[in-house]
Amino acid sequence: MGHSAADTTIASPAGTNMAIATITPITAKSVEASEKPAQKPKLTWREKLQKVINNITVEPILAAYIMPSVLSGLATQNLNLEKACRVNMDYGEVVCDALTRRDTANYTLEEETVQQMVARMAAW
């Protein structure tokens with residue numbers, strides 16, 4: 276073990292069986308050298324892809340499936356209501372626009388008829 280000028284050696288008194296200890300002061304340079312993380316090995320594109328595939332769980336895929344399903348279901352419901360009102364029941368623009376805006380105060384009978392038709396169609 277080499278000694279630098281900064282090393283301090285403590286010797287035992289003469290005639291005793293004690294070991295000699297060397298104390299080396301900690302410097303910023305020695306701390307930096309000991310804290311360096313080991314460099315990660317370079318991964319090929321195939322290894323990176325495999326790592327990504329291995330880390331994918333069910334939850335993101337499930338969310339990616341459920342969100343569009345819910346949104347398309349809502350759009351389909353609105354389309355069915357519009358179609359039943361305008362085409363099947365032939366209520367006219369004023370009534371159907373009011374039902375689309377959910378302004379149903381004066382059109383409760385028409386709203387009920389349209390909803391029953393859509394429910395029968397969905398059940399079929």
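Per this note's numbering: the sequence shown = residues 276 to 399.
The beta-carbon is built from N, C-alpha and C at its ideal position, and this holds for glycine as well.
(request) Could you pull the start and end residues of the alpha helix (DSSP H) that Asp372 belongs to? (result) As a working note, residue 372 is residue 97 in the sequence shown. Asp372 -> alpha helix (DSSP H) spans 368 to 375.
(request) From the DSSP output, in three-state form, read off Asn314 for me. (result) Position 39 of the sequence shown, counted from the start, is the residue given in the question as residue 314. Checking the sequence, you will find Gln at residue 314 rather than Asn. DSSP places Gln314 in coil when its eight states are reduced to three.
(request) Output the distance between the C-alpha atoms of Glu322 and Ala373, rounded to the nearest integer angstrom. (result) Reading the sequence shown from its first residue, position 47 is the one you call residue 322. Reading the sequence shown from its first residue, position 98 is the one you call residue 373. Taking the Cα positions, Glu322 is about 58 Å away from Ala373.
(message) I need the boundaries of the alpha helix (DSSP H) containing Ile341, first residue and last residue.
(response) Residue mapping note: residue 341 aligns to position 66 of the sequence shown, counting from 1. For Ile341, the enclosing alpha helix (DSSP H) starts and ends at 333 to 358.
(request) Could you pull out every residue in the same chain whose Cβ sits closer than 6 Å to the Cβ of Thr379, ignoring the five residues on either side in sequence? (result) In the sequence shown, residue 379 corresponds to position 104, counting from 1. Exclusion of the five residues before and after Thr379 leaves Glu386 as the residues of its chain whose Cβ lies within less than 6 Å of its Cβ.
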